[in-house]
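See structure below.
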Amino acid sequence: MATSLQQLLDALAERTAAPTSVAAIEDVTGAMAHLGRAIAGMTQDGLTAGVSRRQQTAAQMTAACTTVGRLWPRTGGPLTDLAGAAADVIGRDRASMGRGHRWAVTVELAEAADHCARLAHRLLPQAAVAELAVVRRLAAAVERDAQADPPTANGAAVLDRLVPVSGLPRAGERLTAVDAAAALTAAVDRSLRSEGLTLRDFRAAVAAAEITSDCASSVLAAASGDEGMRPLLAAVAWELTGRISMTFDDGHRVGPTDPHGVVPWARALADTLRNDLGSNADRGALRDRGDLLA
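Those letters in the sequence shown? Residues 2 to 295, per this note's numbering, in order.
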């Protein structure tokens, strides 16, 4: 099932903040090492245009989490795995983040580090570990800054970006529409970062968007109990965009379809919606265009 950075950090916070949480101190500090790695990426790319207190606080947070991560040997565990997965997701998306995104991510990472430090104190109530106190002090400084200058909605959107599945499902495996949508978005992003979208890719993505918006309209109409009020403007707009694109030719010959590319994932999304919602997810938008076949 597709997940997001916010879901990973929420799961980490839930595990560390629960009063009955039981974890090995090595697992907690391993998680903090990964959080430090993630914050380091944000500070290296820059939270502000120049040197600032925000930038310095985040850099100090990186050092503090890294120091705590070295206090005990890494043995792994669920907290370490969650924080490591979050750090990997952040590292993968760094190239597409602006300063607003990096600030939103840093605020969430600082909160996660504070939860971990709190749990570590509970696990070692008799130990005065100064390094943990430093992490909590710096996390509080980041929180105060965030209260004075909260992340924007646009910046925080990166937290909810879905992490795609690794590949098309094998026979017998179930793919959800959320998984397919996340994978399609990732495929489009990969194409844009490399050679750009071909016209064929563009048409497939537009067709998938048309089908998705039409299905969303159907679900909304069914939920409201008024089929006559079914909004179709989004689907019509996508259909118009697709038809306009038919007048162009980018000169690309139709070669073998990349199994991890835009076209297969556009088809997968349409198939998934059709299986879940029935005939409303008509693949005609994909079938009727010869350049999208095979």
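Just so you know, even glycine gets a beta-carbon here, dropped at the ideal spot from N, CA and C. None of these values were measured; they are calculated from a predicted model.
Residue of the options minimising C-alpha distance to residue i
| i | options | result |
| --- | --- | --- |
| Val29 | Leu6, Asp115, Arg204 | Asp115 |
| Leu1 | Val263, Gly77, Arg38, Arg16 | The requested residue 1 does not occur in the structure, where the chain is confined to residues 2 to 295. |
| Ala154 | Arg100, Arg138, Ala111 | Arg100 |
| Cys117 | Ala271, Ala25, His261, Asp215 | Ala25 |
| Ala111 | Asp82, Asp146, Leu200 | Asp146 |
| Thr177 | Ala235, Asn276, Ala50 | Asn276 |
| Ile91 | Leu9, Asp180, Ala131 | Leu9 |
| Ser63 | Gly42, Gly51, Ser53, Ala50 | Here residue 63 is Thr; the residue named in the question, Ser, does not match the sequence. Looking at the Cα atoms, Gly42 is the closest of the given residues. |
| Ala158 | Gln61, Ala105, Ala217 | Ala105 |
| Met98 | Thr67, Ala131, Thr44, Gly85 | Thr44 |
| Thr213 | Ala238, Ala84, Arg137, Leu274 | Leu274 |
| Arg137 | Gln56, Ala121, Pro126, Pro152 | Ala121 |
| Arg194 | Ala271, Leu221, Ala96 | Ala96 |
| Ala88 | Leu139, Val164, Arg119 | Val164 |
| Thr242 | Ala86, Pro151, Ser219, Ala210 | Ala210 |
| Ala269 | Asp180, Ser219, Leu278, Ser192 | Asp180 |
| Pro152 | Pro126, Thr107, Ser192 | Thr107 |
| Glu27 | Gly78, Ala59, Leu221 | Gly78 |
Residue burial classification, residue i (beta-carbon count within 10 angstroms, cutoff 16)
| i | result |
| --- | --- |
| Val23 | exposed |
| Pro74 | exposed |
| Ile245 | exposed |
| Ala18 | exposed |
| Glu1 | Only positions 2 to 295 of the chain appear in the structure, and residue 1 is not among them; the question remains open. |
| Leu83 | buried |
| Thr109 | In the sequence on display, residue 109 carries Glu and not Thr. Its Cβ being crowded by 16 or more others within 10 Å, Glu109 is buried. |
| Ala50 | exposed |
| Leu160 | buried |
| Pro265 | buried |
| Ala183 | buried |
| Phe249 | exposed |
| Leu6 | buried |
| Ala187 | buried |
Alpha carbon of residue i to alpha carbon of residue j, nearest angstrom
| i | j | result |
| --- | --- | --- |
| Ala142 | Glu15 | 22 Å |
| Asp1 | Ala134 | Beyond the ends of the chain as shown, which are 2 and 295, falls residue 1; an answer cannot be given. |
| Thr4 | Ala12 | 11 Å |
| Ile40 | Met247 | 45 Å |
| Gly37 | Gly70 | 8 Å |
| Ala236 | Ala149 | 41 Å |
| His35 | Ala113 | 11 Å |
| Gly156 | Arg162 | 11 Å |
| Leu48 | Arg103 | 6 Å |
| Leu200 | Arg175 | 30 Å |
| Arg284 | Glu196 | In this predicted model, Arg284 has a pLDDT of only 48, less than 50, meaning its place in the structure is not dependable; the value taken from the coordinates is given anyway. Going by the C-alpha atoms only, they are around 27 Å apart. |
| Glu132 | Gln56 | 20 Å |
| Cys216 | Ala224 | 12 Å |
| Thr81 | Arg119 | 16 Å |
| Arg54 | Ala32 | 25 Å |
| Ala205 | Ala267 | 6 Å |
| Asp202 | Ala208 | 10 Å |
| Leu72 | Leu124 | 14 Å |
| Pro20 | Cys66 | 23 Å |
| Arg93 | Asp272 | 28 Å |
| Leu139 | Gln61 | 7 Å |
| Thr76 | Gly85 | 13 Å |
Residue i CB to nearest heavy atom of the ligand FAD below 7 Å
| i | result |
| --- | --- |
| Gly51 | This structure does not include the ligand FAD; it has no bound ligands of any sort. |
Exercise. In the region 25 to 75, which residue ranges form an unbroken beta strand (DSSP E) of at least 3 residues, counting only runs that do not cross its ends?
Worked result: none
Exercise. Enumerated in chain order, which unbroken segments of the alpha helix (DSSP H) with a length of 4 residues or greater are wholly contained in the region 88 to 170?
Worked result: 100 to 124, 131 to 149, 154 to 157
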